[in-house]
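Enquirer: Input: one structure, supplied below.
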Amino acid sequence: MSKYFRMATMAYLVLLGVMLGAGLFAGVVVAPVTFNTVSWLGSEVLTHYQEGQIMTENFVRLSYLVNFVVVAVILYEGYKYKKFERDWITQAATFFVVATGMLFAHYYLPDIITMQQAGETATQSQTFINTHKGSELNFKLFSLALLVLMIRNMQKACK
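Residues are numbered in our numbering as their position in the sequence shown, beginning at 1, plus a constant of 1411.
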């Protein structure tokens, strides 16, 4: 393994770790705090709809990183595939990272934004609830695939 590819691999692993950490932080820390402002402020300052708008803006900004990571995964894993350094676990994880990352940034998020722009009643519809649950499941799959990809590449890098 060349010196430059080893450095690229380390940068790639750091990027995957940053993405995984940012996604977990958004889901485990930011969302519960944002949707429970009454607990932190002592009174209802924001409605649930307004809290949702704040959370959506957090995920819009997170989607920039998701898109960057998806491109990095395609480039790095594509290069390794071309060099015949491939296995089915990495290929499956790569597919899921790319597919779920693109679904998050380019399907679920725009739909949620559109429904929020339609007003508070649209966010109480069954369509919104199902879309939101789908986006949560999708992001969990994205995070799991990212973890698998990161672990698999660390195993290969340590050989």
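Idealized CB from N, CA, C, for every residue including glycine. Quick caveat: nothing in here was measured; it's all calculated off a predicted structure.
1. Taking three-plus beta-carbon pairs below 8 Å as touching, is the region 1418-1431 in contact with the region 1475-1485?
2. Quick one: grab the DSSP three-state call for Arg1417.
3. Give the straight-line distance between the Cα atoms of Tyr1492 and Tyr1423, rounded to the nearest whole angstrom.
4. In the structure shown, what three-state DSSP assignment does Phe1446 receive?
5. Return the chain-ordered list of same chain residues with a C-beta closer than 8 Å to the C-beta of Gln1535, the five sequence neighbours on each side being excluded.
6. Just tell me which of Leu1558, Gly1530, Phe1495 has its CA closest to the CA of Gly1463.
7. For Met1437, which of helix, strand or coil comes out of DSSP?
8. Would DSSP call Phe1495 helix, strand or coil?
9. Work out the CA separation of Cys1569 and Met1418 for me, nearest whole Å.
10. Report the option in Met1421, Tyr1415, Lys1567 whose CA atom is closest to the CA atom of Asp1498.
11. For Ser1474, decide whether its Cβ has a neighbour in chain B, counting only Cβ atoms nearer than 7 Å.
12. In this structure, does DSSP put Gly1545 in helix, strand or coil?
13. Quick one: is Val1508 buried, meaning 16 or more other Cβ sit within 10 Å of its Cβ, or exposed?
14. What separation, rounded to the nearest whole angstrom, lies between the Cα atoms of Ser1454 and Thr1448?
15. Enumerate in chain order the residues of its own chain whose CB-to-CB distance from Ala1516 is below 8 Å, with the five nearest sequence positions on each side excluded.
16. DSSP three-state call for Leu1457: helix, strand or coil?
Expert: According to the data block:
1. yes
2. Along the sequence shown, one-based indexing puts residue 1417 at 6. Looking at Arg1417 - three-state DSSP - the assignment turns out to be helix.
3. For the purposes of this step, residue 1492 is identified with residue 81 of the sequence shown, where counting begins at 1. For the purposes of this step, residue 1423 is identified with residue 12 of the sequence shown, where counting begins at 1. The alpha-carbon atoms of Tyr1492 and Tyr1423 are separated by roughly 15 Å.
4. For this step, residue 1446 is matched to residue 35 along the sequence shown. Coil at Phe1446, not helix or strand.
5. The count along the sequence shown starts at 1 and reaches residue 1535 at position 124. Same-chain partners within the cutoff: there are none.
6. In the sequence shown, residue 1463 corresponds to position 52, counting from 1. Nearest C-alpha to Gly1463: Gly1530.
7. Start at 1 with the first residue of the sequence shown, and residue 1437 comes out as number 26. Inspection of the sequence shows that residue 1437 is occupied by Ala rather than by Met. If DSSP states are grouped into helix, strand and coil, Ala1437 belongs with the helices.
8. Here the question's residue 1495 lines up with position 84 in the sequence shown. Correct three-state label for Phe1495: coil.
9. Taking the sequence shown and counting its residues from 1, the one referred to as residue 1418 is at position 7. Taking the sequence shown and counting its residues from 1, the one referred to as residue 1569 is at position 158. If you take the alpha carbons of Met1418 and Cys1569, they lie about 13 Å apart.
10. For the purposes of this step, residue 1498 is taken as the residue at position 87 of the sequence shown. When only C-alpha atoms are compared, the closest one is Lys1567.
11. Checking the listed chains, one finds no chain B in this structure; it contains a single protein chain.
12. Residue 1545 sits at position 134 when you count from the first residue of the sequence shown. Gly1545 falls in the helix class under three-state DSSP.
13. Against the sequence shown, residue 1508 aligns to sequence position 97. With 16 or more Cβ atoms within 10 Å of its Cβ, Val1508 is classed as buried.
14. Reading the sequence shown from its first residue, position 43 is the one you call residue 1454. Reading the sequence shown from its first residue, position 37 is the one you call residue 1448. So the two alpha carbons sit approximately 8 Å from each other.
15. For the purposes of this step, residue 1516 is taken as residue 105 along the sequence shown, with counting starting at 1. The residues are Ser1474, Val1477, Asn1478, Val1481.
16. Along the sequence shown, one-based indexing puts residue 1457 at 46. Leu1457 falls in the coil class under three-state DSSP.
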